[in-house]
Each structure stands twice: as structure tokens, then as C-alpha cells.
Amino acid sequence: MKGLFDFSEVATYFFRKKDPNRKTNFNLRTMHTINKVSMLMFLCGLVYLVIKLMMR
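In this text, residue positions in the sequence shown follow numbering that gives the first Met the number 0: the first is 0, and each later residue adds one.
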């Protein structure tokens, strides 16, 4: 049950250092950017729902 609520990988996804040995690829950078945007939108929606339920 403890593993279900381990968000450390999600939190570190936004603050990773770039690996200098890895080649840069436009498609990979675009995919990671879209992933970051979608995670932020999901978290904003989740916060909105929690606030909406608390104000009821």
C-alpha cells in the first residue's frame, strides 16, 4: 500500500539534470515537454476539485 502513494518519481521528473552523454532528439524533448504539461494540468485540476469540495 505504501508504494501506491510514492510520488517521488513524479516530483523528481520536473527537476532532473540533463545527461550530457545522451544525444538530444527533438521528438524525445517534445514528448517530455508534453508529459510535463499534462501532469501539471492534471495536478491543477486535482487541486481545483479539492478546493471546490472544501468550499461546498
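Glycine included, every Cβ here is placed at the ideal spot set by N, Cα and C.
**Asked** Which of the three DSSP states, helix, strand or coil, is assigned to F41?
**Response** helix
**Request:** Pull up the distance between the alpha-carbon of Y47 and that of R21, whole angstroms please.
**Result:** 38 angstroms
**Prompt:** Is DSSP giving K51 helix, strand or coil here?
**Reply:** helix
**Prompt:** Hey, out of D5, A10 and F4, whose CA is closest to I39's CA?
**Reply:** With the sequence shown as reference, residue 39 is identified as Leu, and Ile is not the correct amino acid for it. When each option's Cα is compared against that of L39, the closest is A10.
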